[in-house]
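Numbering (this note's numbering), first residue to last: 661 to 811.
Working notes, beginning with the structure itself.
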Amino acid sequence: MTAKVAILMGSPNDKDKMEPGAQTLERFGIEADVRVMSAHRSPTMVAEFASTARDQGFALIICGAGMAAHLAGAVAAHTTLPVIGVPLSGGAINGWDALLATVQMPRGIPVATVAVDGAMNAALLAVQILAIDDLDLAAALEVHRREMTPR
Ligand code: RP5
């Protein structure tokens, strides 16, 4: 089965900030399944998705949320797939809340947290994880790094 990556976000209002993640995965030819679900507003949906994600063929899950950003942690609680958290800016304290809520996971349930609004880096990290045993992806990452190098 071809590896799939899920991009979850807590609100439809997060779409613009998470879009670079889907675009980056697409650039590497990786299918992104983008869904809106909330740790607080639709917790049953989150639990059902996360607990069946491996059987659905997902290789890892990227989660973006703002404010009391519990989506990545809630997903990680229900799966042993790697979970990458993207804290999102916005709200009264503009991302500090989401950063701490996403990164400060308790021992035993890790979330790999990227920068505030770092959806692109989340996708690149996902590609790097998938490239561990995929030489074509590894080569594509080398090309991407070369393209970033100032000339
Ligand atoms: C979080 O609360 C969402 O991820 C979003 O970033 C934030 C605000 O959500 P909305 O009230 O805009 O739907 O759960």
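Where a beta carbon is used, it is the ideal one built from N, C-alpha and C, also for glycine.
Model, not experiment: these values are computed from the prediction.
Judged by DSSP in its simplified three-state form, residue 792 adopts helix. Less than 7 Å separates the beta-carbon of residue 722 from that of residue 744. Shortest gap from the CB of residue 673 to any heavy atom of ligand 1: under 6 Å. Across the structure, residue 763 and residue 750 are spaced so that their CA atoms are roughly 17 Å apart. A straight line joining the alpha-carbon of residue 800 with that of residue 789 spans about 13 Å. If only uninterrupted beta strand (DSSP E) runs of at least 3 residues are considered, those enclosed by the segment 743 to 768 are 743 to 748.
Across the structure, residue 678 and residue 734 are spaced so that their CA atoms are roughly 18 Å apart.
At a Cβ-Cβ threshold of 7 Å, residue 670 and residue 725 count as neighbours.
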